[in-house]
Every structure is written in C-alpha cells, then in structure tokens.
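What follows is one structure encoded as structure tokens, with my remarks underneath.
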Amino acid sequence: MSLSRKRNRQIATGLGTVIGLIIVFTFVVSLINPGVVSTNDVEDFPTFTPPGIELPPPDPNPNLSGEPPYVHSSGYFQTFMPAGGDWSVSEDAGAQSDTVLSVVFQSGQRLAVIHNYIRRGVEVESAESLSREYLTETHFAEAWIGYESWQETGRTVGEDRVTTDFALVSGGTEYLGRDITRLGENGWTFVTRLVVPGNNPGLLDTLERYVVPAFVGYPQLQTLPARWPTYVDHALGYLFKRPAEWQLVAGGAGSPATFTPVGDADAGMVRVWAEEGRALDGAGDAEAWLLELVPGAEVIGTDPLARGAASGFQVAYTFRDRDGDPRSGLFVALRRADGWAQAANLQVRDPDVNLLEGASLDEPLANARRAVVEGFIPLPQEDAAPAP
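With the sequence shown counted from 1, adding 125 to any position gets you the working numbering.
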C-alpha cells in the first residue's frame, strides 16, 4: 500500500471514529435529558429532571440563600441563584432567541429543577385570559414532553399570574411540577417551572418562595439587543451591557473593568467602575471628576442623565492621547440610591466627535455610546432570603 493511500485510510478511519462517538454521545444525552438536543424554542426545551436512581429523603425547607442573584447573559432579567455545590446552571443555546430567553438550575442531589424563562409575544389582556387562551392542554403537553406522563392537579388564577400544579412521571419515578406564569414588563411573560421529587411537596413551596420574588426583569436593558452580553459586578453594584465585539481586557469583579473592540483595540476603550462617597451634586462635580481622570480634557457639553433610581450626567469631551493625537470621549457619572457613584469613561480614536449627539454617529460609535448611556445601570440589591 502506498504511503498516500495509507494516510488517506487512516484519516477516513479517524473521521469515522469521531462521527461514531458523536452519534453515541447524542443518543446517550437524549436518553438522560430528553429534549436537550436540537432545541429551537423553549417549548421544545422541556423542564427535565436530572437522572437519579432513588428519590432522596425529603428535605422540604433547605437553606438555599447566600448567593447573589443570577443575571441572564442578555441582561434582560435576573433570578434566584440557589446556594450549594449540588446545583448546576445552564443557558441552553437552543433555548435563546429574540423572543425567548431561558436559564435552568438543576440539582442531581435533590432531583430538583428551577427553570426560568421570559417570552415575548403572548398577547393577552389579563391573567384570566392568560389561563384560558394560552395555558392550554396543548401548551403543557409541549412543556412536559420529556416526561412519560403528566397530569394537571390544580390551578390558581391571581391578579397578574397563573399557578398550575402537576403530577409527573419520569423514568418510572413520580415528581411534582409547578408552573407560575405571570405578565411582566415590556410585553414579556415571565415563567417559572419547578420540579421536585414526589415525596417532597414542601420543597416545591420553598423553591417558589425563593425564586419568584427574585425573578425580575431589567426593562432599561430590554431596549438593547439581546445578543449584546452583560457584564455583572455584584461587588460594585452595576450592570454593563455592551456590543459583543467589546471584550473585557482588564480588571474584574470589585475593581475597574476595561473593554476594547476585538481585533482593533486602538479604536477605543471603555472603563467602568464605582466609588463610594463621591460627590455628584451638579454638572460641575461630573466635569471635575472627568478632569481628574483626563487632565487637559476640553468639555464639549454636559447633559443630565437618569437610569432608574440613579441620576447624574454625561459629559462629552475631546483630549489628546500620549502621542499628541486628538481623540474624543464621553464620561458618564451616576449617583445611586445607596450613596455610591458609578462611572463609565468611553474614549474613541475618532477626533472632534460630539458623543452626546447619538443620531449623527455612525453605527459602531452609536452602539458604543448606547452601551455607556443606556446599558450601564445600577444592580438592584435584592434580599436573597425567601419571604416568610
């Protein structure tokens, strides 16, 4: 056999082995977690239970608090993050779209699931019509498609939500399920699905007390593209949603963070941080803060800015870099309700650009401006403990 033919045969054999492994892996995963493979919508992404042989002993009231809220990568919502090494978290790529954003927490130790998602486009006028027109048998048949059987056991219609209980069977084991669907902000519907072992009904109520109050949206960030990632700093108390091409290059939680565009770091940079005790009583304080950071900067203009409970100013300016070349910048300073001030400093290569005038900017600059003006907001500090 020639060397060329032998090499080609080895390559073909190797490819066949890889493909075979992929097929076997896909088959095994589909048995363990039905519905995970090839998912295009949350309705095809059922709330499945982790694999288990025996039901764990009942633990109806575990202490799951202690972790900061989990913020979805889109920045569109936050939810409760259970404490404990037995919980895993997943934002399944197939369950994310322009109309559906999803996150699942699973505990293989407790055989419990917390599945939260938001969905846009459910056009109903009230909780009663939500129950009657949307939460139908067909809807739940799709939701629980990964289970051998499901049966609705109770339903409560409240002022803004519908709570539906279920008896489920998976792998011959009985589980309890609960779906809490409520009407939210900006046309989004908020859905919490919980699954616990059938011998632990108290855990269902405990999870609801933890999860539902912490499952809230960020309406201000929902005006920005869902594909823009969100940087979260729980220590300094802010969120920063920016275009995907702006990547973190320095800093981290609890310290200033710096972002630059991928492939062209010289095109610009954004630095975001927060300080305690910084005075920000007027435009003069914001401009003075800027001049501390960029000595010699020339202010073009200053406008007031409010982001939820935080208020402050945006200051457009020009400056010269270390090589003496003219550059443009936008400094955003916000005073928060907790007494902290948070700041974002955008600097771009383009000279003599007024970054206050978003409508006149080209798309890359307009998006960078939107990030610091619209995507930089305080992080609400929610109590992680459940209501009594």
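We treat Cβ as the ideally placed atom computed from N, Cα and C, and that holds for glycine.
{"query": "Close beta carbons around LEU308, own chain, < 6 Å, minus the five adjacent residues each side", "result": "ASP285"}
{"query": "From THR204, ALA434, VAL397, residue whose alpha carbon lies closest to that of VAL497", "result": "VAL397"}
{"query": "Alpha-carbon to alpha-carbon, VAL336 and GLY500", "result": "25 Å"}
{"query": "Straight-line gap, VAL287 to SER295 (C-alpha atoms, nearest Å)", "result": "24 Å"}
{"query": "Burial state of LEU418, where buried means 16 or more other Cβ atoms lie within 10 Å", "result": "exposed"}
{"query": "Local Cβ density within 10 Å of ASP211, reported as buried at 16 or more and exposed below that", "result": "exposed"}
{"query": "Which of helix, strand or coil DSSP assigns to THR224", "result": "coil"}
{"query": "Cβ-Cβ distance between LEU480 and LEU455 below 8 Å", "result": "yes"}
{"query": "ALA382 beta carbon less than 8 Å from that of GLY388", "result": "no"}
{"query": "Residues that GLN347 bridges to, as DSSP identifies them", "result": "BP columns for GLN347 are empty, so no partner."}
{"query": "Of the listed residues GLU262, ARG494, PRO182, ASP223, nearest to SER199 (C-alpha basis)", "result": "ASP223"}
{"query": "Within-8 Å CB hit, LEU373 to chain B", "result": "Chain labels in this structure do not include chain B; a single protein chain is all it has."}
{"query": "Rounded separation between GLU370 and VAL457 - CA only", "result": "21 Å"}
{"query": "Exposure label - VAL374; buried when at least 16 CB within 10 Å", "result": "exposed"}
{"query": "Cβ-based neighbour list, TYR356, same chain, cut-off 6 Å, excluding 5 preceding and 5 following", "result": "PHE365"}
{"query": "Backbone CA spacing between THR427 and GLU267 [nearest angstrom]", "result": "53 Å"}
{"query": "Residue from GLY283, GLU248, ILE270, PHE340 whose Cα sits closest to the Cα of PRO207", "result": "PHE340"}
{"query": "Between the CA atoms of ARG447 and GLN467 - distance to the nearest angstrom", "result": "26 Å"}
{"query": "Cβ neighbours of ASN311 in the same chain (closer than 6 Å, five flanking residues each side left out)", "result": "PRO344, GLN347"}
{"query": "Collapsed DSSP secondary structure at ASP446 in the structure displayed", "result": "coil"}
{"query": "N-terminal and C-terminal residue of the beta strand (DSSP E) that VAL337 is part of", "result": "Note, VAL337: premise wrong, no beta strand (DSSP E); alpha helix (DSSP H) at 326–339."}
{"query": "As assigned by DSSP and simplified to three states, the class of ARG352", "result": "coil"}
{"query": "Runs of beta strand (DSSP E) wholly within the region 373–457 (minimum 3 residues, chain order)", "result": "382–386, 393–401, 423–432, 435–445"}
{"query": "Given GLU273 as reference, the closest of VAL228, GLN231, THR172 once Cα atoms are compared", "result": "THR172"}
{"query": "In DSSP terms, what PHE364 is bridged to", "result": "Reading off the sequence shown, one finds Leu at residue 364, where the question assumed Phe. Answer is VAL357, ILE502, bridged to LEU364."}
{"query": "Length of the line joining the Cα atoms of GLN472 and SER380", "result": "19 Å"}
{"query": "Pairwise C-alpha distance: GLU423 and ARG461", "result": "26 Å"}
{"query": "GLY302, buried or exposed, once every other Cβ within 10 Å from all chains shown has been counted against 16", "result": "buried"}
{"query": "Which listed residue (ARG352, GLN203, MET394) has its alpha carbon closest to that of LEU490", "result": "MET394"}
{"query": "C-alpha distance - GLY328 paired with TRP275, whole-angstrom precision", "result": "Going by the sequence as given, residue 328 is Leu instead of Gly. Taking the straight line from one Cα to the other gives about 19 Å."}
{"query": "Exposure label - SER256; buried when at least 16 CB within 10 Å", "result": "buried"}
{"query": "Cβ-based neighbour list, ILE243, same chain, cut-off 6 Å, excluding 5 preceding and 5 following", "result": "PHE202, LEU226, TRP313, PHE315"}
{"query": "Closest Cα partner of ARG280 within the set GLU262, GLY271, ILE270", "result": "GLU262"}
{"query": "DSSP three-state assignment for PHE173, whether helix, strand or coil", "result": "coil"}
{"query": "C-beta contact flag for GLU400 and TRP465 at 8 Å", "result": "yes"}
{"query": "ASP358, buried or exposed, once every other Cβ within 10 Å from all chains shown has been counted against 16", "result": "buried"}
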